[in-house]
Every structure is written in C-alpha cells, then in structure tokens.
C-alpha cells in the first residue's frame, strides 16, 4: 500500500469557502488512484477561507510520476451552491 499526502490551501478570496463534498483522483505514469472523498474531522471547516487541510490518498501500488490531479465536487446536503477556490494543491 502506497500513501500519498495531499495538502489543500483554500484561497483567502471572498466566497472561497465551500461546504461541498470535494473529491480527488491522482493519475500517474503507472496507474491512477480511486476517486477519494477529501473528508476531515474539521467537518464544514475543512475548506474554509484561508484554511490548510491535509489528507492521505492510499493506492495499492505506486502511481509512478504524477501527471494529473483530478478534482471534482458534489453538493453536500446542507450546502448551497458555493464555488470554493483552492489556492494551492501539494
């Protein structure tokens, strides 16, 4: 099992906060991860204005050299249509 660390910095722009469910898929030269829900014990504060949140994405084998980070979102049950603006992905 290979674990990849992901850090997301939410922008400090007005309306950058989102309560939507955010998902990530890592694509490398030797394979890709499953679509993974970026959830945290922070709950709705996970992607709050200016927040830095860290996650782990597990894969059965190495993905090789990372070539693509695919990000998408689904509306959470309690969210409004909030845009969410990540400032940085690591």
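In our numbering, the protein residues as written are 2 to 91. The beta-carbon is built from N, C-alpha and C at its ideal position, and this holds for glycine as well.
Quick one: grab the DSSP three-state call for residue 5.
Here residue 5 is taken as the residue at index 4 of the chain shown, counted from 1. Strand, per DSSP.
Pick from 48, 15, 14 that is closest to residue 24, judged by C-alpha positions
What you label residue 24 is simply residue 23 of the chain shown in a count that begins at 1. Checked all of 48, 15, 14; the closest Cα to residue 24 is 48.
Within the same chain, show all residues whose beta-carbon is closer than 6 Å to that of residue 73, passing over the 5 residues directly before and after it, in chain order.
Here the question's residue 73 lines up with position 72 in the chain shown. Cβ neighbours of residue 73 beyond the five flanking positions: 24.
Please say whether residue 17 and residue 51 have beta carbons closer to each other than 9 Å?
By 1-based counting over the chain shown, the position of residue 51 is 50. By 1-based counting over the chain shown, the position of residue 17 is 16. Yes. Within cutoff.
Give me the Cα-Cα distance between residue 62 and residue 53, rounded to the nearest whole angstrom.
For the purposes of this step, residue 62 is taken as the residue at position 61 of the chain shown. For the purposes of this step, residue 53 is taken as the residue at position 52 of the chain shown. Using only the alpha carbons, I get a separation of about 27 Å.
Kindly indicate the opening and closing residues of the beta strand (DSSP E) around residue 59.
The residue given as residue 59 occupies position 58 in the chain shown. Note, residue 59: beta strand (DSSP E), 53 to 60.
Can you check which of these residues, 19, 2, 29, is closest to residue 69 by C-alpha distance?
Against the chain shown, residue 69 aligns to sequence position 68. Nearest C-alpha to residue 69: 29.
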